[in-house]
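Residue numbers (my numbering), protein chains in the order written: chain F, 1 to 658; chain H, 1001 to 1603. Beta carbons: idealized from backbone N, C-alpha and C, even for Gly. Reading through the structure tokens given below for one structure.
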Amino acid sequence: MSEPLGLAPAVLGLLLGATVVTALMAGAPRLRRFAHLPLVLACAASAGLAIWIVIQLSAGTPAYRSVPVTWFAAGNFAASAAITIDPLAAVMLATVTFVATWIAVFSAGYMRDEHGVPERGYARYFAVMGLFVFSMCGLVLADNFFLLVAFWEGVGVCSYLLVGYYYAKPSAAAAARKAFLVTRLGDTGFLLGIFLLWKLGGYHTDLTVLFEHIRTHPPDTGSLTTACLLIFCGAVGKSAQFPLYVWLPDAMEGPTPVSALIHAATMVTAGVYLVARCAPVFALVPDAQAVVAWAGGITALLAAVIALTQTDLKRVLAYSTVSQLGYMFLALGAMGAVSPVFAVTAAIFHLFTHAFFKALLFLGAGSVMHAMGGVIDTRRFGGLRRIMPVTHLTFLCGAAALAALPPTSGFWSKDLILEALRDGAETTHPYAGGLQALLLIGLVTAGLTAFYTFRAYFLTFWGQTRVPEEAGHHAHESPPVMTVPLLVLAVGALAAGAVAGPLTHSFDHFLERTPSLQQAATAVPGAKAPAHAFDWGLAGLSTLLAAGGVGLAAVLYAKGRPEKVPPGLEPVVALSRNKLYVDEVYEAALVKPLTGAAVAAGMFDRFLDSFGRLLASAPRLLGHLARPVQNGLVQFYALGMAAGVVVLLSFVAFRIAR
Amino acid sequence: MIPTFRILVLLLVAVPLLSAAVVPLFGRAARRAALVLALLQAGLTAAVVLVALPVLNQRGESMMPDTPGRARPIQRFVPEFVPGDPGYRGNPDSSTHRTGWTLLSFGDGPADRPGPRVQFYVGVDGLNVWLVALCSLMMLAAILVSWEAVADRPGPFYGWLFVLQAGAVGAFLSFDLILFYAFFELTLIPSFFLIGRWGNGPGRRDAARKFFLYTLGGSLLTLVGLVGVVLTNPLPDGRVTFALPDLMAAVQQRTGGPGSAGLQAGLFACLVAGFLVKVPVWPLHTWMPAAYREAPIGVTILLSALLAKLGTFGLLRIVLPLMADAAVEYGLYGRAVIGVLAGVGIVYGALCAYAQRDIKMMVAYGSLSHLGFLVLGLLAFNTEGVGGAALHMVNHGVSTGALFALLAFLLDRYRTTDMRAFGGLMGRFPRFAVLAFVVCLASIGLPGLNNFVSEMLMMAGLFDPRAGGGRVPGFAVVAAAGIFLSAWYVLTMLRRVFFGPPAEPPAVAGGPVPDIDGREGVALGGLAAVCLLLGLFPQVVLDPMEADVAVVAAIGDAARDRVEGPAPKGYVPPAPRRFRAPDPPPAGGGGGLPPPPFPEPAD
């Protein structure tokens, strides 16, 4: 079967098979050393298949849909297992599997100690990672909301297990629980939104059918907006947007390749994909669009501000992911003002390039961490460019792409997003003014991004060579199993954007054939179509800002001197360093009250129980009251009998007399 | 063949009762004998399920003949394989879906006007077949986890367990109201002794007494309600009947007739009281924490997996079909008294669960929360909600039972389930940890595992397809909050017990504490596998119950027409169930016309 419809299940089957085989290997101590093999092979094979699917789709029919198989159904409700392959899904599939392959290869080196002996949970790690990639691939292929939710939650559970991989570490345990619960909070809204959409959309749950039904029978805008906003809750949780982004920075408690996986390929992109997939309904509701755009804009700026002062290398990268995801939602939020095809292309293109450079940066950080004996605080090492030349150069490529310096991948994709915002702001769309403001936010964030990225880069690799004592005498470059993935991803970070974007335009030409995007485009006929002409003015401005950020970072940090806070800025810096106190706000506003309510409920339950006991003691009390009557004196009983007879007789007498 | 299958159904009730009588004779070897007998019952159940499935699946499309002159066909349950079925026109291979076995007969009049009769009327249909299977499964689990824990007088212990099982199976299978009630009450006696004599703590006698009095008080009210319903709904010819299908027909034919709203409300309140206590629904749950805490773990499994289901099953089997109008009025759609109580219970139970330090208590309160959701699903009174709730009874039984069964692992080794005493068990017992994670994730509704399916169906029911409009119903929000809160307390427990630095209380036995052994592996692994299978292939369970769920949903739809007025335009009511012509009788049999369902019995 070389049809795309046959290949997609093969991708899922390979990954699931690898998971099962790896899980079985966990039980056999001799095989445990080779536990990485099934996953690496399965990922590589599925990446090959995914690229083959892309080639086939770009040549032939743009979309395939499998025959739905009922999963469960009752009455008007039916959840089916249906998958669809269209350019949107294919791009995601190829990105996920390709990046995951190299992360798996890297992990095979990373998850061992300095003597090359695998860690205790080696097989567990690769089994869960296999399930993780499997779930993500299922998510992008699903054509049914409930199948999508199933894989969506599967992704959540795998991230829970991987973030909590070092289970004995309390901070890892807390981070794992936080990641799962915060995303689950978003999912609660997501579920309600799906059901509302189910009801509005003629009781369909298959995405294609549902969107078609909504197109032909448009429900009232208010309800549809509610449904879209509820669905967006799920995306906010999963893609770590304001206000539910707090789990992502903590999630770096897991092994570093897991962070690379979560940040680049398999988890946080799910929310972006969801909104892109649901473009046909989101395009109909401008109010929900505005919320999406503002959530993205606020997140992009907020996270960039926090990232400015973080000293933990992975934390800087984590906040940069949050910020970059904000960019993607900014693009998606422009959907009504510009053509949905344009908006989604911009977002997914950034997702695509971001996957390369963010995976690269995290793996680079992992390489550093591996060499430094687990230390990742930039205050404790420096000048590593002499010790780790390959890591240094590849990290530089990734940093340049994140800072969107031309001509790296990040430059082209970020530019497309800014263009979408600019085009949207020039229309007569009701929220055009907002888009103007958001464009400004996007530009400011671009400058901040360049600054914090290169701050982290200079602090790590420049200045005097310093190594923490945990690293011992073996601070050295990582083995080839780890540096080769870095090199491959570095090439992607540098060139993928230019090749797929401005040089060939193959990315947008491919993506615009997606039927659901075409359908969304017909919903907003007046929207501006993508301009294929390159806008030098905007690109120049953003490049200037990025270069300014890099320059400032170079001036302040290239010497490797300890950080000095300029006078007057201390409160701002403290605010940023403490992550704007958002965690504390959550603690006070949500966690404490909920815990308090739980304790109160527990106490109330005891009260309720004693109330029940009080009722139960009523008979005994009555008995106590009546007890004096049974005093055992015959005379008293005789008196009682006499009195009773008198009462009875007088009652009868009065009745008859009347 | 059909008469043979009828004997199988009879054996389903008889085998546990016989086992209860036999097991105590074995003395110290009682646990082995109990296991063998429970396996026998499980095999029997499997046989009945395998035989019944094709029949139940086939009737999916419809069971009810059109009644001439009525807008809606009369809906009633159709039990299959009824022991004592005289057969249509004397042909034992055809069925009248009735029984000829009378237990008690009151005030027989002339021969053509027999008095009310209590009959041994049991049968299999889509609503009870899986619950009977659940009984057999959880019985096995209960015996396996009690294996080491019960050393004191094991003979009577396992004997009472079988009585408990017999009561539950009998109540699920009954189609006669009085018989149902008798089996329903039969479960009280073994529970009382099992909690009071084999309980763990000093408060066991108190807990047993509270449980007994509380549930007895509730179910006596239910008896009043049952008799009231029977007396106010005589058959068209003036007789009264305890046979549920006939009573359903009588109720539907008389609806709108005599009987004041006040009387209906009073009868409804009485009728539901016992079931709400048994479920339990907040605030009638106060017997539950003590009973679950004090009971030995094997009994806790049966209490949560089976006895709680008796309450919800009573709502489904008795209350919804017989008092549909009141169930609509006081359920979710009018003065939503019970709906509000169940909704409060969802949040309240989850909060209490979080506040617990004992894992056993956490599971108990979590069960209160889940059961609130189940009651909401039932009260939604539509195909999605009732179907989801009927499935959730099985799912909740398996997953809550499995959660308690997990605790048996800890109790056997450490005699405590206080989560403060444990830490880092993931490294200590990796195999146990895998099973514990599967079961815990199932209970918080992870897709691919069982609870997700039924929770989604009930959620669809709460969104109320009949009402139309683009509003998010409040009950659905509460239910969704319950799903989130369940993740909150379960993950907090997992973090304390399985993550973090290793910690364990002093072990009961000296030497190294082993990971799961073979016996525990079978019990816990089996339950975890059932969770997974039910999550992946739920339609196998849903298909056979479709026809029966449709009966309840059609009754609900008609009741809502009466209470709320006609449905808004564009609403498609549940598909009318039409009579499927059965296969022609075998050659040489009764011949002639195929038997209609529920033919009038031949005199």
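Quick one: what's residue i bridged to in DSSP?
i                  : result
ALA1243 of chain H : H:ASP1176
GLN1119 of chain H : H:THR1102
TYR1088 of chain H : H:ASN1091
ASP1125 of chain H : Looking at the DSSP assignment, ASP1125 of chain H forms no beta bridge with any residue, so it has no partner.
ILE85 of chain F   : F:TYR64
GLU1080 of chain H : H:VAL1124
So with Cβ pairs under 7 Å, would you call residue i a contact of chain F?
i                  : result
PHE1429 of chain H : no
LEU1457 of chain H : yes
THR1286 of chain H : yes
LEU1501 of chain H : Note on identity: in this sequence residue 1501 of chain H is Pro, with Leu being the wrong assignment. It does: the Cβ of PRO1501 of chain H has a partner Cβ on chain F nearer than 7 Å.
VAL1472 of chain H : yes
TYR962 of chain H  : In the structure as shown, chain H begins at 1001 and stops at 1603. Residue 962 of chain H is therefore absent and cannot be evaluated.
LEU1223 of chain H : no
GLU1061 of chain H : Any reading at GLU1061 of chain H needs caution, since the residue's pLDDT is 49, under 50, leaving its predicted position unreliable; the model's value is listed next. For GLU1061 of chain H, the answer is no, since every Cβ of chain F falls outside 7 Å of its Cβ.
ARG1072 of chain H : no
ALA1460 of chain H : yes
PHE1608 of chain H : The structure shown does not extend to residue 1608 of chain H, since chain H is modelled only from 1001 through 1603, so no value can be given for it.
Going along chain F, which residues have a C-beta under 7 Å from residue i?
i                  : result
GLU1384 of chain H : ALA74, GLY75, ASN76 and PHE77
LEU1491 of chain H : ARG177, PHE180 and LEU181
TYR1354 of chain H : ALA598
LEU1351 of chain H : ALA597, ALA598 and ALA601
For residue i, return the contacting residues in chain H, with the cut-off set at a CB-CB distance below 8 Å.
i                 : result
PHE329 of chain F : By Cβ distance, chain H contributes nothing, its closest Cβ being about 23 Å from PHE329 of chain F, past 8 Å.
Does residue i have its Cβ less than 7 Å from a Cβ in chain H?
i                 : result
ARG184 of chain F : yes
MET1 of chain F   : Any reading at MET1 of chain F must be qualified, since the residue scores a pLDDT of 44, below 50, and its modelled position is unreliable; no value is offered.
PRO280 of chain F : no
THR22 of chain F  : no
THR70 of chain F  : yes
VAL117 of chain F : no
VAL341 of chain F : no
ALA18 of chain F  : no
VAL591 of chain F : no
ALA47 of chain F  : no
ALA337 of chain F : no
ALA493 of chain F : no
At 8 Å on the CB atoms, spell out the chain F contacts of residue i, in chain order.
i                  : result
GLY1424 of chain H : TYR167 and ALA168
VAL1129 of chain H : Per Cβ cutoff of 8 Å: no residues; VAL1129 of chain H is ~17 Å from chain F at best.
PHE1463 of chain H : PHE195, LEU196, TRP198 and LYS199
GLY961 of chain H  : This structure cannot speak to residue 961 of chain H, because chain H is shown only from 1001 to 1603.
Taking residue i as the query, report the chain A residues whose CB atoms sit under 7 Å from its CB, ordered along the chain.
i                 : result
GLU153 of chain F : Within the model displayed, chain A is absent; protein chains F and H are what it includes.
Quick one: list the residues of chain F neighbouring residue i, beta-carbon separation under 9 Å, in chain order.
i                  : result
ALA1182 of chain H : Neighbours of ALA1182 of chain H on chain F: none; closest Cβ ~26 Å, over 9 Å.
Any chance the CB of residue i is under 6 Å from a heavy atom of the ligand ADP?
i                  : result
ASP1543 of chain H : Here there are no bound small molecules, and the ligand ADP is not part of this structure.
Using a cut-off of 7 Å between C-beta atoms, extract the partners of residue i located in chain H.
i                 : result
PHE146 of chain F : MET1456
Along chain H, which residues have their Cβ under 9 Å away from the Cβ of residue i?
i                 : result
VAL149 of chain F : PRO1447, PHE1452 and MET1456
(message) Residues of the segment 1527-1558 of chain H in Cβ contact with chain F at a cutoff of 8 Å, in chain order, please.
(response) Against chain F - using a Cβ distance shorter than 8 Å - the residues of the segment 1527-1558 of chain H are PRO1538, GLN1539, LEU1542, GLU1546, VAL1549 and ALA1553.
(request) Spell out a yes or no on whether the segment 311-326 of chain F and the segment 478-489 of chain F are touching, meaning 3 or more CB-CB pairs, one atom from each, closer than 8 Å. (result) The answer is no - the segment 478-489 of chain F does not touch the segment 311-326 of chain F, with fewer than three Cβ pairs under 8 Å.
(message) So if I threshold CB-CB distances at 8 Å, which residues from the segment 222-243 of chain F count as touching chain H?
(response) In summary, the residues of the segment 222-243 of chain F whose CB is separated from some CB of chain H by less than 8 Å are GLY222, SER223, LEU224, THR226, ALA227 and LEU230, in the order they occur in the chain.
(message) Three or more C-beta pairs under 8 Å: does that hold for the segment 268-278 of chain F against the segment 345-354 of chain F?
(response) Output reads yes: the segment 345-354 of chain F touches the segment 268-278 of chain F.
(message) Within 8 Å, do at least three Cβ pairs link the segment 83-102 of chain F to the segment 45-53 of chain F?
(response) Counting Cβ pairs under 8 Å, three or more are found: they touch.
(message) Using 8 Å as the cut-off, can you tell me whether the segment 516-524 of chain F makes contact with the segment 129-144 of chain F, which would need three or more C-beta pairs spanning the two stretches below that distance?
(response) The segment 516-524 of chain F, when compared against the segment 129-144 of chain F, does not touch it at the 8 Å Cβ threshold.
(message) At a CB distance below 9 Å, what residues from the segment 203-216 of chain F approach chain H? Give them in sequence order.
(response) Legend: CB atoms of the segment 203-216 of chain F lying less than 9 Å from CB atoms of chain H belong to residues TYR203.
(request) Determine, using beta-carbon pairs with one atom in the segment 200-216 of chain F and one in the segment 170-178 of chain F, whether at least three such pairs fall under 8 Å. (result) Touching, no.
(request) Pull out every residue of the segment 1199-1224 of chain H whose Cβ sits closer than 8 Å to any Cβ of chain F, in chain order. (result) Answer set for the segment 1199-1224 of chain H: LYS1210, LEU1213 and TYR1214.
(message) Along the segment 3-14 of chain F, where does the CB come closer than 7 Å to a CB of chain H? Name the residues.
(response) Of all residues in the segment 3-14 of chain F, none has a Cβ within less than 7 Å of some Cβ in chain H.
(request) Taking 8 Å as the threshold, find out whether the segment 1190-1206 of chain H comes into contact with the segment 1269-1284 of chain H through three or more Cβ pairs. (result) Touching, no, given that fewer than three Cβ pairs across the two stretches are closer than 8 Å.
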